[in-house]
Amino acid sequence: MMCWRSRPGRMFETMSVSLPYSETVRINQIGAGLSRRLEPDADTRKRIARALDLQGLEDFTIDVEVKPTPSTSEWTLKGRVSAHAVQTCGLTLEPLPVDVDRRFSIQLAERAPTETDEIEVTLDEEDADLIEDGKIDLGQYAVEQLALSLDPFPRKPGAEFVQPEEPAEISPFAALKALKPQDGQG
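Plus 2 on top of the position in the sequence shown (first one is 1) and you've got this note's numbering.
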């Protein structure tokens, strides 16, 4: 299940379902820096697995650190996502266990107040993610990083696609010949 993102850090923004995991921190609580270890419970892991089309998510740990950058109202979110997930092999439809270990770093910036509700969206990768309502959703970033770590076309080692043989095309005359009585019969 993939969806279009209007800007980085908002993978689930255009989906009509609620976020599978949300763990927010207010930027005024960060101070000189904040470190957290997140370990979603079994029910939350089931919701995440369902949202990412996984057969299971047996383990999911997120270590994050948020620090303000010395310049202005920007922060750096660094982290590591570790998980043991079960995808479905695209060829055999059998369970395919995968281990995820991904490090990430994301620049965040507080949205400047504007007089209108219009937002100019540019697709420059160097732009920082916008912080809305003074909150950073660490859970959303964790799920997004997990999703980015998964193979979109999982295949078990050794699994090969075998093209089924197409039946030889029967000409209309061959079909008529089969209907014609054989010599001596009829």
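We put the CB at the ideal spot given by N, CA and C, even for glycine.
Do you know offhand how far residue i's Cα is from residue j's?
i: Arg104; j: Asp129; result: 21 angstroms
i: Glu127; j: Phe106; result: Confidence in Glu127 is poor, its pLDDT being 44 and thus under 50, which makes the residue's placement unreliable; the coordinate value appears in the next sentence. Using only the alpha carbons, I get a separation of about 14 angstroms.
i: Val66; j: Leu93; result: 36 angstroms
i: Ala190; j: Arg52; result: In this structure the chain extends from 3 to 188, so residue 190 is not present and cannot be described.
i: Gly160; j: Gln184; result: 50 angstroms
i: Thr90; j: Gly81; result: 27 angstroms
i: Leu140; j: Gln165; result: 44 angstroms
Given a threshold of 16 other Cβ atoms within 10 Å of its Cβ, counted over all protein chains shown, does residue i qualify as buried or as exposed?
i: Phe163; result: exposed
i: Pro22; result: buried
i: Ala176; result: exposed
i: Asp135; result: exposed
i: Glu167; result: exposed
i: Leu125; result: Interpretation of Leu125 is limited by its pLDDT of 46, a score under 50 that renders its predicted location unreliable; the figure taken from the coordinates is listed afterwards. It counts as exposed.
i: Gly33; result: exposed
i: Glu198; result: With the chain covering 3 to 188 only, the question about residue 198 has no answer from this structure.
i: Ile172; result: exposed
i: Gln147; result: buried
With distances taken Cα to Cα, identify the nearest neighbour of residue i among the options.
i: Pro97; options: Gly58, Asp139, Arg38 and Glu41; result: Gly58
i: Gly35; options: Gln89, Leu150 and Pro72; result: Pro72
i: Asp61; options: Gln109, Ser24, Ala87 and Gly160; result: Ala87
i: Leu132; options: Glu112, Gly141 and Asp55; result: Glu112
i: Thr78; options: Leu150, Leu56, Ile138 and Thr63; result: Ile138
At what residue ranges does the region 13-55 contain a whole run of the alpha helix (DSSP H), taking only runs of 4 or more?
The region 13-55 contains, as complete alpha helix (DSSP H) runs of 4+ residues, the segments 44-53 (chain order).
Cβ contact (3+ pairs, closer than 8 angstroms) linking the region 35-45 and the region 150-158:
no
Please specify which runs of the alpha helix (DSSP H), each continuous and at least 4 residues long, are wholly inside the region 147-178, giving them in chain order.
Fully enclosed alpha helix (DSSP H) runs of 4 or longer: not present.
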